[in-house]
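Working notes, structure below.
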Amino acid sequence: SADSVLQRPRPSRRHLEALIRLTDRDDLRDIQAAALEQLAAREPDDPAVLLRLAEALRLAGRFDESARVFTRVAEAR
8 SADSVLQRPR
18 PSRRHLEALI
28 RLTDRDDLRD
38 IQAAALEQLA
48 AREPDDPAVL
58 LRLAEALRLA
68 GRFDESARVF
78 TRVAEAR
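Residue 80 in the numbering used here sits at position 73 of the sequence shown, with consecutive numbering throughout.
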């Protein structure tokens with residue numbers, strides 16, 4: 008289940024990506040954002056992952072967090 012993947016100490020990128028794909032629905036945006044947060048923690052310098060996280064946070068209604076991530080990506084360029 009999604010919770011079992013997210014509760015692992017270090018889930019694999021493959022498992023996180025699968026979870027992200029499966030939760031690309033309005034009613035599962037919080038789970039998608041949580042999976043992307045874990046992926047971003049593993050890949051903190053990957054702008055593609057950070058942009059995906061910022062968008063997922065925006066879609067989940069977490070606008071302040073989304074803006075911070077978007078700003079981080081913009082400042083890194």
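Backbone N, C-alpha and C fix where the C-beta goes; we use that ideal spot for every residue, glycine too. Given the structure is predicted, the values throughout are model-derived calculations rather than measurements.
- The residue from Ser73, Ala83, Pro16 and Ala67 with its alpha-carbon nearest to that of Asp52 is Ala83.
- Contact annotation: Ala41 and Leu64 have beta-carbon atoms that are not nearer than 8 angstroms.
- A residue is called buried when at least 16 other Cβ atoms come within 10 angstroms of its Cβ; Ser11 does not meet this threshold and is exposed.
- Under the three-state reduction of DSSP output, Ala42 falls in the helix class.
- Between the C-alpha atoms of Phe77 and Arg15 there is a straight-line separation of about 27 angstroms.
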